[in-house]
Structure formats: structure tokens, C-alpha cells
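Undergrad:
Numbering (the numbering used here), first residue to last: 1278 to 1625.
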């Protein structure tokens, strides 16, 4: 459930009081247009005000603003519980009895019309739409098993890492299987890698065995979130394999976008981590048949972030370290050189 849909549902179902109680807020009092209360560890009875019609929060004794400048009931939960943005949404859904994966929002006729027009606009544009994530049955993993493979091992992914990330094998299609989980650990897709080094013209190296809303996922975040916080930095790779390679090297603070370009949802999720971002894309990757990414400075990717967001990129300015389409994480020695010498600050 996205943040706006959740807030509309909270307002319609009058769940503000319940959420405040479960948060441990003190001296909760309901007025005509707002609730007043006190922080769980505070003494001032009216230090926090939550407005019923918008869920905006005035917290007079604490700074609960998120990275986008929002001060609402979600950022209040994030502040008090010390949770990640989407973990806060999941917590609220659990408290209120809502399905986190169902965007069953309540909205006025005017708002419904606006949202519908926006959807039509996006369908007619060239941008890929950010889809809603849907969980899939965990039992499917029993079919693929949990196996290490020498192909990934030779690519710098230890067998321990392969086990950690639940790699398996599809005997029917002869593919390595990579389970895709969202940031709260729910299985939402399965990606396959054809188990052969040399492919024919009509063969694809990767494809989704179980479809996944990849534009809404930061692969690995369920495992790497705590390490991102410890390192105060998130490394962004293109492929799932990059996260696994870096994990093997000891860099456990990485995520992957599953493609060549950041989506709006992925940018939001990275921003809500509230740490510097390091873009570590492959060298000379292509998008489609005609469009190429400017890998020299990743300008379009940088501009997707807020101006105040600190962003770095791994940039081989010598043009001699990485081969074409090589990932910075493919070779541990190259990675150490690039990360320590060619990590360039570009924003913030």
C-alpha cells in the first residue's frame, strides 16, 4: 500500500487514535479537527498535534521531518519506532488490520478522477510505470531448492553468499534461480539465469521465471538495511549479482535496481534510507536498441534525487580499468581501486 492510499484509509476509517495508542503516545485527547498528545518519553501534554483531515503532524518538541520534508503520521511512526519508511507503513497496516500489499484506498470522486487521468498519462508516456508489488507463495522455493553453483562462484560469489541469498536451480529450464524479496523480506519474484556461458542469438541470459514489479524493488535491501545504516552509505548496483559479489567481498551495504535506470519508487526508497548514495553501474551498458546511458557522469540518474541528497558515483575516468559492460564489482581488485580512488561526489 502506498503512503497516500494508506493515509486516505486512515482518515476514512478514523484510525488515528488507535495508531497513537499503539505508538505509546501519552495524554491523547481528541478535538473536533485534531488530536493532541505527548511523546512517549516527553512531559509536555500538548507537544504533538495530528490533524484529522490531512494527518499532518505538528511536533513542537521534536524534528520528525523525513527526507522529503514531510511531517505526517508516517514520519511520526518512523521517528518513534526507529523504522524504515516502508516498515512504518507495514506497521500501521498491521495495527489497523489492512493488507500491506493491497492498494485499497478510499478517495473522493474528484481524487479518483485525477488519479485515473494521471494513470492514463503515464501509460501514454515513455516512462516505465512503477507497479505495485505482489507477494508470491514461498512454497515455490521448495521446487527450485537451495544450491550453490560453480558459475557464480567463478564470478566472485562465494558458496556461503549463494546460500545466504537462497540461490537455487530450475532443472526443467536449466537455470540458476534468484529469489527476489522486497525490503520487508516478502518473496515477490524469481529471476532465472541460463546456466551456460555462451548464448545463441535467440537466447536471453536473464528472465523472470515468476514476474516481479522490478521497478518497485531494491534487491537485497531486506538483508543489507542494517549494514547500510552501519556504513552510513548505500551502494547501488545494476544487477542482483553485483549485490552478491560485494557481499562476498565484505561490502554488505549494497542494493540492486534490476536494470539500467532508477525508477521514481526506487529513488524514493533510496532517499528514505537517509544515507549517502553511491551509484556503481556497469561500464557502457545500453538501454534498448537506440538509447544509450551517459555513463561518464550518469547525469540523468543524479537529477532524479533531491538537491540536498548526497550522491557519489564510481567512475572509471581513466577508461582503462573496466572493460565494456563490465561491472565494477566483477573483479575485487578493480573494485577496491575504483571505490577508494574513483568514488566521485556529484551531488549534495
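All C-beta atoms, glycine included, are put in the ideal place defined by N, C-alpha and C. The structure displayed is predicted, hence computed values, not measured ones.
For residue 1333, write down the residues that DSSP places opposite it in a beta bridge.
TA: BP columns for residue 1333 point to 1349.
Undergrad: Give the secondary structure of residue 1291 by DSSP, where H, G and I count as helix, E and B as strand, and everything else as coil.
TA: coil
Undergrad: At which residue ranges does the segment 1464-1551 contain complete alpha helix (DSSP H) runs of 4 or more residues, listed in the order of the chain?
TA: 1498-1508, 1517-1526 and 1541-1548
Undergrad: With a CB to CB cut of under 7 Å and the five nearest residues on each side skipped, what residues in its chain are close to residue 1482?
TA: 1470, 1471 and 1476
Undergrad: Compute the distance between the beta-carbons of residue 1560 and residue 1601, then report whether it is under 7 Å.
TA: One thing to note: residue 1560 has its Cβ within 7 Å of the Cβ of residue 1601.
Undergrad: Measuring CB to CB, does residue 1329 end up less than 7 Å from residue 1311?
TA: yes
Undergrad: Residue 1496 and residue 1462: beta carbons closer than 7 Å?
TA: no
Undergrad: Please give the ranges of any beta strand (DSSP E) in the segment 1578-1620, keeping only runs that are unbroken, at least 3 residues long and fully inside the region.
TA: 1588-1591
Undergrad: By the three-class DSSP mapping on this structure, what secondary structure does residue 1365 have?
TA: helix
Undergrad: Using the Cα positions of residue 1473 and residue 1364, report the straight-line distance between them to the nearest angstrom.
TA: 39 Å
Undergrad: Quick test of your reading: residue 1344 and residue 1498, contact by CB under 8 Å. State the CB separation rounded to the nearest angstrom.
TA: About 16 Å; that fails the 8 Å criterion.
Undergrad: Starting from residue 1355, follow its DSSP beta bridges and name the residues at the other end.
TA: Residue 1355 pairs with nothing; no bridge assigned.
Undergrad: At the level of alpha carbons, what is the spacing between residue 1326 and residue 1299?
TA: 16 Å
Undergrad: How far does the alpha helix (DSSP H) with residue 1427 in it reach, from first residue to last?
TA: From DSSP, the alpha helix (DSSP H) with residue 1427 extends over 1427-1431.
Undergrad: Can you give me the start and stop residues for the alpha helix (DSSP H) that residue 1438 sits inside?
TA: 1436-1441
Undergrad: I'd like to know whether the C-beta atoms of residue 1552 and residue 1509 end up nearer to each other than 7 Å.
TA: Against a cut-off of 7 Å, the Cβ pair of residue 1509 and residue 1552 comes out as a contact.
Undergrad: Between which two residues does the alpha helix (DSSP H) harbouring residue 1421 extend?
TA: 1417-1421
Undergrad: Look at the alpha carbon of residue 1465 and the alpha carbon of residue 1320, and state the distance between them as a whole number of angstroms.
TA: 44 Å
Undergrad: What separation, rounded to the nearest whole angstrom, lies between the Cα atoms of residue 1531 and residue 1500?
TA: The straight-line gap from Cα to Cα measures roughly 9 Å.
Undergrad: Assuming residue 1326 is part of the beta strand (DSSP E), what are its boundary residues?
TA: 1325-1328 is the span of the beta strand (DSSP E), which, as asked, contains residue 1326.
Undergrad: Using only the alpha-carbon positions, how far apart do residue 1335 and residue 1306 sit?
TA: 15 Å
Undergrad: Give the secondary structure of residue 1460 by DSSP, where H, G and I count as helix, E and B as strand, and everything else as coil.
TA: coil
Undergrad: Among 1504, 1331 and 1490, which one has its Cα closest to the Cα of residue 1409?
TA: 1490
Undergrad: Just checking my contact of residue 1278 with residue 1379 at CB under 8 Å: how many whole Å lie between their CB atoms?
TA: 6 Å
Undergrad: Here's a check: name, in chain order, each residue in its chain whose Cβ is nearer than 8 Å to the Cβ of residue 1546, leaving out the five neighbours to either side.
TA: 1362, 1363, 1460, 1495 and 1498
Undergrad: Please tell me whether residue 1521 and residue 1434 are closer than 7 Å, where the distance is taken between their beta carbons.
TA: yes
Undergrad: On the CB-based measure, 16 or more other CB atoms within 10 Å of its CB, does residue 1421 come out buried or exposed?
TA: buried
Undergrad: Grab me the residues of residue 1608's own chain with a C-beta within less than 7 Å of its C-beta, minus the 5 sequence neighbours each way, in chain order.
TA: none
Undergrad: With DSSP as the reference, please indicate the residues paired to residue 1622 in a beta bridge.
TA: 1589
Undergrad: In whole angstroms, what separates the C-alpha of residue 1296 from that of residue 1527?
TA: 39 Å
Undergrad: Could you give the residue range of the beta strand (DSSP E) that holds residue 1306?
TA: 1303-1307
Undergrad: Around the Cβ of residue 1448, are there at least 16 other Cβ atoms within 10 angstroms (buried) or fewer (exposed)?
TA: exposed
Undergrad: Checking 7 Å against the spacing of the C-beta atoms, do residue 1554 and residue 1581 come in under that value?
TA: no
Undergrad: Please classify residue 1293 as buried or exposed, where buried requires at least 16 other C-beta atoms within 10 Å of its C-beta.
TA: buried
Undergrad: For residue 1612, which residues of its own chain have a beta-carbon under 7 Å away from its beta-carbon, when the five flanking residues on both sides are left out?
TA: Contacts found: 1526, 1605 and 1606.
Undergrad: Just how far apart, CA to CA, sit residue 1467 and residue 1287?
TA: 33 Å
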